[in-house]
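Q:
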Amino acid sequence: MFDLIDFKAVLIIALIFIPLEQLLPLHGEQSATRRHWLNDVFYLLFNGIVVKAGIVSVVGAAMLLAQRFVPEALTAAVQSQPVWLQAIEALLIADIGFYLAHRAFHAVPFLWRFHAIHHSIEEMDWLAAHRVHPVDQILTKSASFVPLFALGFSAEAVLIYVLTYHWQSVFIHSNTRIRFGPLKWLIASPQFHHWHHANEREAYDKNFAGQLPFLDLIGGTLFMPPRMPEKYGVDEPVPQLYHQQLVYPLVAAAEPAAPIAEASAGKPE
Numbered sequence: 001m002f003d004l005i006d007f008k009a010v011l012i013i014a015l016i017f018i019p020l021e022q023l024l025p026l027h028g029e030q031s032a033t034r035r036h037w038l039n040d041v042f043y044l045l046f047n048g049i050v051v052k053a054g055i056v057s058v059v060g061a062a063m064l065l066a067q068r069f070v071p072e073a074l075t076a077a078v079q080s081q082p083v084w085l086q087a088i089e090a091l092l093i094a095d096i097g098f099y100l101a102h103r104a105f106h107a108v109p110f111l112w113r114f115h116a117i118h119h120s121i122e123e124m125d126w127l128a129a130h131r132v133h134p135v136d137q138i139l140t141k142s143a144s145f146v147p148l149f150a151l152g153f154s155a156e157a158v159l160i161y162v163l164t165y166h167w168q169s170v171f172i173h174s175n176t177r178i179r180f181g182p183l184k185w186l187i188a189s190p191q192f193h194h195w196h197h198a199n200e201r202e203a204y205d206k207n208f209a210g211q212l213p214f215l216d217l218i219g220g221t222l223f224m225p226p227r228m229p230e231k232y233g234v235d236e237p238v239p240q241l242y243h244q245q246l247v248y249p250l251v252a253a254a255e256p257a258a259p260i261a262e263a264s265a266g267k268p269e
């Protein structure tokens, strides 16, 4: 689970999603080698090294606190449950953590500068899922992982969550027209997440959940009309090269701040 670069997994994902996007494209005119695709390959191959090290550090520090403040009776109760039930609970708890962290990245101007990298994507596809600043990934994923480890969920339950999240994250960014019908309120789909990336005012700051859209329904942030977005991206001048995007949040922080309503335009993960 913590291999630095899992080339086998990368190959499997590519072999599944590249043909799928050709067979069932949402935007048929979009090429598999769309603009800046190579930039996102750098994220796919190299982000994991920093992100996994960061998550291990954050989770490790949190576990030291959890040992002092989380009752042993609670962790014992969690561990006594069957793996299938733990997995369901882990998916829910982790996505609540993701929802809250994701919402914070849209609400706090300094955090938004990191998250704007992900929202700078103007053509959605499976590769777009990987364009995430390492700081963004470390904090949002830690918000999901920390409660799972603190509460004592089994390694099997955590692994089920990790695999589910990873595959669904790639899927919901993909350039596919697959919809889930009545299950769209329960399971995140491209329809749900593409609206999160839409650069259309009515869609700003909507659809924060990673996997469970009903969390947005509860939080009052759900937006999922029948049509699909016409425009993606942000209006601010985010650079399009990997090394420039890594330093952009700090460079932007050093410059005079634009009004947040303008700077975060197109705040549509």
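For the sequence shown, the UniProt record's numbering assigns the number 269 to the last residue and increments by one with no breaks. Glycine included, C-beta positions come from ideal geometry on N, C-alpha and C. This one's a predicted model, so the numbers in the text were calculated from it and none came from an experiment.
Count the other C-beta atoms from every protein chain shown that fall within 10 angstroms of the C-beta of F69, then say buried if there are 16 or more, exposed otherwise.
A: Per the 10 Å Cβ criterion, exposed.
Q: Quick check on T33: buried or exposed, where buried means 16 or more other Cβ atoms within 10 Å of its Cβ?
A: That one is exposed.
Q: State the start and end residues of the unbroken alpha helix (DSSP H) segment that holds D216.
A: Element bounds for D216: F214 to G219.
Q: Just mark P182 as buried or exposed, buried being the case when its beta carbon has 16 or more other beta carbons within 10 Å.
A: Its Cβ having fewer than 16 others within 10 Å, P182 is exposed.
Q: Are there three or more Cβ pairs, one per stretch, closer than 8 Å when the stretch 74-84 is compared with the stretch 130-139?
A: Contact fails: fewer than three Cβ-Cβ distances are below 8 Å.
Q: Looking at the structure shown, is P225 part of a helix, part of a strand, or coil, going by DSSP?
A: Residue state, collapsed to three classes: coil.
Q: I'd like to check one pair, F208 with R113: are the Cβ atoms closer than 8 Å?
A: Taking 8 Å as the Cβ cut-off, R113 and F208 do not qualify as a contacting pair.
Q: Using 7 Å as the cut-off, classify the Cβ of Q244 as near or not near the heavy atoms of the ligand SAH, replying yes or no.
A: You won't find the ligand SAH in this model; it holds no ligand whatsoever.
Q: Within the chosen definition, does the stretch 185-193 reach the stretch 169-177 through at least 3 CB pairs nearer than 8 Å?
A: Result yes; three or more Cβ-Cβ pairs closer than 8 Å.
Q: So, with DSSP's three-state summary, where would you put P82?
A: Note: P82 maps to coil in three-state DSSP.
Q: When we look at the beta-carbon of S144 and count the other beta-carbons within 10 Å, is it buried (16 or more) or exposed?
A: S144 should be labelled buried.
Q: Check for me: the alpha helix (DSSP H) holding K184 runs from which residue to which?
A: Element bounds for K184: n/a, residue is neither H nor E.
Q: To the nearest angstrom, report how far apart H118 and L65 are at their CA atoms.
A: About 31 Å.
Q: Whole-angstrom Cβ separation of S120 and V10, contact assumed at under 8 Å?
A: With a Cβ gap of about 22 Å, S120 and V10 do not count as contacting.
Q: Considering only C-alpha positions, which residue in the set G152, M228 and T221 is nearest to R179?
A: Taking only the C-alpha atoms, the option nearest R179 is M228.
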